[in-house]
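For reference, the structure is listed below as structure tokens.
Residue numbers (full-length UniProt numbering): 1 to 205.
Structure representation (structure tokens):
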């Protein structure tokens with residue numbers, strides 16, 4: 001679950017062979033959507049408090065979005081985050097705060113939306129969730145506690161695998177794939193094989 005997309009893959013790993021059994025996802029679900037909810041919330045709050053509409057002011061929106069992204073990250077480790085922007089619009093300072101509970105409430109439908117692709121991937125792989133041994137989180141948005149809780153509950157309380165840095169996991173995979181494609185003969189990549197699936201239907205004319 002990254003900045004703009006959400007992907008789920010079910011793999012089996014045996015003797016260096018990574019076989020993708022199924023893949024699913026949502027190309028329009030990610031951190032940016034959570035940011036948008038926060039921005040909309042604070043645009044309305046500013047309008048309510050100061051009787052000013054900043055929704056058409058690009059500079060004010062850009063500064064607000066930056067503050068919202070920062071607040072979202074803070075809420076992954078704290079129960080409350082502050083937003084302090086000097087002279088946001090027409091010389092008006094904007095100081096406010098948001099709780100993790102309120103953030104979770106305003107994004108609840110988006111968070112719940114992460115489970116549907118997981119269920120689809122399991123159906124496509126013809127597997128039951130009890131057959132999954134490890135749930136590995138990839139992408140910065142998987143740091144959001146509510147996302148982790150929903151996943152953990154879905155997999156009947158199974159401990160989530162957080163051993164890989166979620167921001168760097170994709171880069172690790174890309175580096176390994178690049179080494180394989182360039183003919184790297186080192187021991188680290190020589191015995192690795194990825195068997196992937198086509199994520200979309202193919203039409204033959």
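Glycine included, every Cβ here is placed at the ideal spot set by N, Cα and C. What you are looking at is a predicted structure, and each value in this text was computed from that prediction instead of being measured.
Secondary structure of residue i, DSSP reduced to three states
{"i": "residue 89", "result": "strand"}
{"i": "residue 103", "result": "helix"}
{"i": "residue 114", "result": "coil"}
{"i": "residue 200", "result": "coil"}
{"i": "residue 155", "result": "coil"}
Identity of the residues DSSP links to residue i by a beta bridge
{"i": "residue 25", "result": "7"}
{"i": "residue 81", "result": "98"}
{"i": "residue 136", "result": "161"}
{"i": "residue 13", "result": "18"}
{"i": "residue 282", "result": "What the structure shows of the chain is the stretch from 1 to 205, and residue 282 is not part of that stretch, so it cannot be assessed."}
Counted within 10 angstroms of its Cβ, other Cβ atoms place residue i as buried (16 or more) or exposed
{"i": "residue 142", "result": "buried"}
{"i": "residue 71", "result": "buried"}
{"i": "residue 170", "result": "exposed"}
{"i": "residue 100", "result": "buried"}
{"i": "residue 183", "result": "exposed"}
{"i": "residue 114", "result": "buried"}
{"i": "residue 38", "result": "buried"}
{"i": "residue 23", "result": "buried"}
{"i": "residue 175", "result": "exposed"}
{"i": "residue 17", "result": "exposed"}
{"i": "residue 134", "result": "exposed"}
{"i": "residue 75", "result": "buried"}
{"i": "residue 204", "result": "exposed"}
{"i": "residue 231", "result": "With the chain running from 1 to 205 in the structure shown, residue 231 is simply not present."}
{"i": "residue 193", "result": "exposed"}
{"i": "residue 178", "result": "exposed"}
{"i": "residue 140", "result": "buried"}
{"i": "residue 196", "result": "exposed"}
{"i": "residue 25", "result": "buried"}
{"i": "residue 35", "result": "buried"}
Whole-Å CB distance - residue i paired with residue j, under 8 Å assumed
{"i": "residue 30", "j": "residue 5", "result": "5 Å"}
{"i": "residue 93", "j": "residue 85", "result": "7 Å"}
{"i": "residue 54", "j": "residue 81", "result": "Not quite, the Cβ-Cβ distance comes to about 20 Å (not below 8 Å), so this is no contact."}
{"i": "residue 129", "j": "residue 155", "result": "6 Å"}
{"i": "residue 137", "j": "residue 122", "result": "Their Cβ separation, rounded to whole angstroms, is 17 Å, which puts residue 137 and residue 122 out of contact at 8 Å."}
{"i": "residue 21", "j": "residue 10", "result": "5 Å"}
{"i": "residue 90", "j": "residue 52", "result": "6 Å"}
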